[in-house]
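What follows is one structure encoded as C-alpha cells, with my remarks underneath.
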Amino acid sequence: MKFGKVLLIGRPNVGKSTFVNNLIGQKVAITSPKAQTTRFPIRALYEDEWGKIVFIDTPGIFNKAEDMLSKRINQKTMQAIREEVDVVLYMVDQSRRRDFEEAHVLGIVRKIDRPKI
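The sequence shown begins at 9 in the working numbering and counts up one residue at a time.
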C-alpha cells in the first residue's frame with residue numbers, strides 16, 4: 009500500500025480546512041470566516057484501496073505578524089513546512105486580488121524543496 013504526505017499552505021481563509029473536510033468526508037478541521045481559526049497544523053488521513061495520504065492543514069501565513077498570536081501561528085506553520093512531506097498544495101482564493109501578502113506566501117512556497125501544486 010502506498011503512503012504520502014501533502015502539506016496545504018496559503019494565506020488565512022483561502023479554504024484549506026474546508027478542502028480537507030470535504031476530501032476526508034468529515035469535519036476534522038474547524039472552519040470559520042474569521043482568520044486564525046486554524047492555530048496549529050492539523051493532520052487528516054485519507055485512505056482508499058490505492059493507499060493512504062496524510063493531509064497537513066496549516067494555519068494561514070500572515071506577512072505582518074505583529075501580535076503574539078499571529079507570530080506563534082506563523083511559527084507553527086513554518087515548523088510544519090520543515091516536516092518531511094511529499095507534495096505541497098498551495099491554495100489561493102481566486103476572488104482575492106494578488107498583492108504583497110500573496111507574494112510573501114508565494115515566496116515561502118517557492119523555497120520549499122518539494123513538488124508543488
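Here a beta-carbon is modelled for each residue, glycine too, at the ideal position from N, C-alpha and C.
Please read all numbers here as calculations on a predicted model, not as lab measurements.
- Task: Pick helix, strand or coil for ALA52, following the three-state DSSP scheme.
- Result: As a working note, residue 52 is residue 44 in the sequence shown. ALA52 falls in the strand class under three-state DSSP.
- Task: Mind checking who ASP65 pairs with in its DSSP beta bridge?
- Result: Taking the sequence shown and counting its residues from 1, the one referred to as residue 65 is at position 57. Partner(s): LEU16, ILE50.
- Message: Would LYS84 and PRO123 qualify as a contact pair, given that the criterion is a beta-carbon distance under 8 Å?
- Response: For the purposes of this step, residue 84 is identified with residue 76 of the sequence shown, where counting begins at 1. For the purposes of this step, residue 123 is identified with residue 115 of the sequence shown, where counting begins at 1. No; because the gap between Cβ atoms is not below 8 Å, this pair is not in contact.
- At what residues does the beta strand (DSSP E) containing VAL96 begin and finish? Position 88 of the sequence shown, counting from 1, holds the residue named residue 96. Note, VAL96: beta strand (DSSP E), 95 to 99.
- Query: Are the segment 55 to 69 and the segment 22 to 39 in contact at 8 Å, needing three or more beta carbon pairs?
  - Reply: These segments touch.
- Item | Helix, strand or coil at GLY23 [DSSP, three-state] | Counted from its first residue, the sequence shown places residue 23 at position 15. In the structure shown, GLY23 sits in coil (DSSP, three-state: anything other than H, G, I, E or B).
- Task: Determine the extent of the alpha helix (DSSP H) in which ARG118 is found, giving its start and end residues.
- Result: Counting from 1 along the sequence shown, the entry for residue 118 is found at position 110. Looking at the DSSP string, the run of the alpha helix (DSSP H) that includes ARG118 is 108 to 119.
- Message: Distance check for PRO20 and ILE116, CA to CA, integer angstroms please.
- Response: Your numbering for residue 116 matches position 108 in the sequence shown. Your numbering for residue 20 matches position 12 in the sequence shown. Per the coordinates, the alpha-carbon of ILE116 lies some 14 Å from the alpha-carbon of PRO20.
- Query: By a C-beta neighbour count over all protein chains shown, 10 Å radius and 16 as the cutoff for buried, is GLY33 buried or exposed?
  - Reply: As a working mapping, residue 33 is identified with position 25 in the sequence shown. GLY33 is exposed by the Cβ-count criterion.
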